[in-house]
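Protein chains in written order, with this note's numbering: chain A, 627 to 835; chain B, 627 to 835.
2 protein chains.
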Amino acid sequence: MSRAERIRILLADDHFIVRSGLVALIHSDPDLAVVAQASDGDQAVELFLRHRPDVALLDLRMPGRSGNAAIEEIRRQCPDARILVLTAYSGDEDIHKALEAGALGYVLKSSTGDDLLPAIRAVAAGQRWIPRDVATRLAMRSAYEELSHREIEVLREIARGLANKEIAHKLAITEHTVKDHLKSILGKLHVSARTEAVTAAVQRGIIEL
Amino acid sequence: MSRAERIRILLADDHFIVRSGLVALIHSDPDLAVVAQASDGDQAVELFLRHRPDVALLDLRMPGRSGNAAIEEIRRQCPDARILVLTAYSGDEDIHKALEAGALGYVLKSSTGDDLLPAIRAVAAGQRWIPRDVATRLAMRSAYEELSHREIEVLREIARGLANKEIAHKLAITEHTVKDHLKSILGKLHVSARTEAVTAAVQRGIIEL
DNA sequence: CGCCGCATCCCTCTTTCGAGGGAACAGACA
DNA sequence: TGTCTGTTCCCTCGAAAGAGGGATGCGGCG
Numbered sequence: 627m628s629r630a631e632r633i634r635i636l637l638a639d640d641h642f643i644v645r646s647g648l649v650a651l652i653h654s655d656p657d658l659a660v661v662a663q664a665s666d667g668d669q670a671v672e673l674f675l676r677h678r679p680d681v682a683l684l685d686l687r688m689p690g691r692s693g694n695a696a697i698e699e700i701r702r703q704c705p706d707a708r709i710l711v712l713t714a715y716s717g718d719e720d721i722h723k724a725l726e727a728g729a730l731g732y733v734l735k736s737s738t739g740d741d742l743l744p745a746i747r748a749v750a751a752g753q754r755w756i757p758r759d760v761a762t763r764l765a766m767r768s769a770y771e772e773l774s775h776r777e778i779e780v781l782r783e784i785a786r787g788l789a790n791k792e793i794a795h796k797l798a799i800t801e802h803t804v805k806d807h808l809k810s811i812l813g814k815l816h817v818s819a820r821t822e823a824v825t826a827a828v829q830r831g832i833i834e835l
Numbered sequence: 627m628s629r630a631e632r633i634r635i636l637l638a639d640d641h642f643i644v645r646s647g648l649v650a651l652i653h654s655d656p657d658l659a660v661v662a663q664a665s666d667g668d669q670a671v672e673l674f675l676r677h678r679p680d681v682a683l684l685d686l687r688m689p690g691r692s693g694n695a696a697i698e699e700i701r702r703q704c705p706d707a708r709i710l711v712l713t714a715y716s717g718d719e720d721i722h723k724a725l726e727a728g729a730l731g732y733v734l735k736s737s738t739g740d741d742l743l744p745a746i747r748a749v750a751a752g753q754r755w756i757p758r759d760v761a762t763r764l765a766m767r768s769a770y771e772e773l774s775h776r777e778i779e780v781l782r783e784i785a786r787g788l789a790n791k792e793i794a795h796k797l798a799i800t801e802h803t804v805k806d807h808l809k810s811i812l813g814k815l816h817v818s819a820r821t822e823a824v825t826a827a828v829q830r831g832i833i834e835l
């Protein structure tokens, strides 16, 4: 990419209004140009591969294929892809997963142009861009152990209000095992009751309702 | 308001990007003009009273005074105020409260210009504007009894993971009473376990995490 | 005035939770 | 190879939850 050329941007957000705002904001800078817009994850992947933009600006919460799945797919097909995540804050889990999947930067939807435009330029240049407060929160996050797949599965059923016995039946394991998973969950999340485990997990973005 | 004059609009949303999108969208229609922008509830009230716009376009989720509180205050000081709520869907409780507080219309943030501009015109003309699917959901909602103030208070503590005994101590009532409230909560929400009560209440917007 | 909803209190009873142990086996990893 | 983690199973036991009753004041509303 030559310095003289404009930075070509792909937008992906399911809200038309947000896309409009981004277009207005980005076009206020003559060095930047929006070359494509997607309204869901699948479209984002497709348009990325077709246009090969310098930066992809992705929301994580989208219908169809989630933002994170889209990031993984794009990076799989195009390992050099430069992706900047733009989303409303909703727990650290999503952010962490997005960065793990290969996103280079992260900005909050509450950002103004003064925050967003430098982030776009930085990511277009291949640099990382993480706001300081987000970076520190992610560092703190590592204090919590990650839940295993099975534990998350159990937690999801707990959130739905099922008793241990019902969960046991549904997952085809004994009630004892369900209790053991619950013990692990409570320990890892540093909580003492199943209800608290659910709210803590929702707040951290581990499960959704 | 004369028909020949432009419809004067107040925007209130905490996301700069969303405000930009709305401005771009609204200015694409020569009959509409944004006369003021607020980024929180208090500012929305202040700017409404100063500019007396024909329509106020408010988000419900805002820092400081909530969108609903802002609606109430505006309607208290100016009963003719025409307010259109624009928000991401997050349970029916907020929508219901907003309409009760005096909002004339409601549109989802996922709307396109084709949905939003007619809504603005309708509300500016003093007409109600509720999408059909929202209206039917609100009608269904009445099948659920409303929780009393005390019950919501108890439910909030349950969500935080407190045991009945702890809740009793915190609210200065006996554990028996807590259980009685819980019984009412379970009955009204049509659920059978405290954990399920929490998730159901969160989904309906009765409590937040 | 009586009725109803709310909040408060009390009881018993069975089931479920959650903490405390121990143990087996598979796969990953050094 | 040994070790570690995840998953599964097992046990006991006290505390908590939830269903079932009944009862008292207090306020609003017809």
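Glycine is no exception: its CB is placed at the ideal position from the N, C-alpha and C atoms.
Residue 645(B) sits away from residue 693(A), with the two beta carbons spaced by 9 Å or more. A straight-line Cα-Cα distance of about 43 Å links residue 761(B) and residue 762(A). Note that the region 721-728 of chain B touches the region 696-708 of chain B; at least 3 beta-carbon pairs, one per stretch, sit closer than 8 Å.
Across the region 701-724 of chain A, CB contacts with chain B closer than 9 Å involve 712, 714, in sequence order along the chain.
Here residue 667(A) carries a helix assignment [DSSP, helix/strand/coil]. Buried is the label assigned to residue 667(A), since at least 16 other Cβ atoms lie within 10 Å of its Cβ. Contact of residue 788(B) with chain A is assigned, a C-beta pair being separated by under 9 Å. Nearest C-alpha to residue 669(B) among 686(B), 653(B), 638(B): 638(B). Residue 717(B) has its alpha-carbon roughly 4 Å from the corresponding atom of residue 830(B).
Just so you know, the alpha carbons of residue 826(B) and residue 672(B) end up roughly 36 Å apart. The beta carbon of residue 779(A) sits no closer than 9 Å to any beta carbon of chain B. Per DSSP, the continuous alpha helix (DSSP H) segment holding residue 776(B) begins and ends at 775-785.
In chain order, 825, 828, 829 make up the part of chain B whose C-beta sits under 8 Å from the C-beta of residue 835(A).
Residue state for residue 709(B) is assigned as strand, using DSSP reduced to three classes. Its Cα nearest to that of residue 713(B), the residue 640(B) stands out among 800(B), 640(B), 791(B). Only 735, 736, 737, 738, 739, 742 from the region 731-753 of chain B bring a Cβ to less than 8 Å from some Cβ of chain A. Residues of chain A with a Cβ closer than 9 Å to the Cβ of residue 661(B) do not exist, since the nearest Cβ in that chain sits about 18 Å away.
Contact of residue 818(A) with chain B is assigned, a C-beta pair being separated by under 9 Å.
Counting every other CB atom within 10 Å of its CB across the protein chains shown gives residue 685(A) a total of 16 or more, marking it as buried. For residue 681(B), the closest of 690(B), 721(B), 633(B) by C-alpha to C-alpha distance is 633(B).
Contact check between the region 793-806 of chain B and the region 796-815 of chain A: fewer than three CB pairs, one atom from each, fall below 8 Å, which does not count as touching.
One finds nothing in chain B with a Cβ atom closer than 7 Å to the Cβ of residue 681(A); even the nearest lies about 16 Å away. Using a CB distance cut-off of 9 Å, residue 646(A) counts as an interface residue toward chain B.
Distance from the CA of residue 828(B) to the CA of residue 835(B), rounded to the nearest whole angstrom, comes to 8 Å. With its beta carbon at least 9 Å from every one in chain A, residue 658(B) lies outside the interface. A Cβ of chain B is located within less than 9 Å of the beta carbon of residue 641(A). The DSSP-derived three-state label of residue 684(B) is strand.
Each residue's CA atom was taken as its position, placing residue 772(B) and residue 814(B) some 7 Å apart.
Per the Cβ contact rule, the region 654-666 of chain A is in contact with the region 737-748 of chain A (3 or more Cβ pairs under 8 Å). For residue 651(A), the nearest beta carbon of chain B is closer than 9 Å to its own beta carbon. For the set 678(B), 691(B), 722(B), 650(B), the Cα lying nearest the Cα of residue 708(B) is the one of 678(B). The straight-line gap separating the alpha-carbon atoms of residue 664(B) and residue 788(B) is approximately 38 Å. Per DSSP, residue 638(A) lies in no alpha helix (DSSP H); the unbroken beta strand (DSSP E) holding it starts and ends at 633-638. For residue 784(B), the nearest CB of chain A lies under 9 Å from its own CB, placing it at the interface with that chain.
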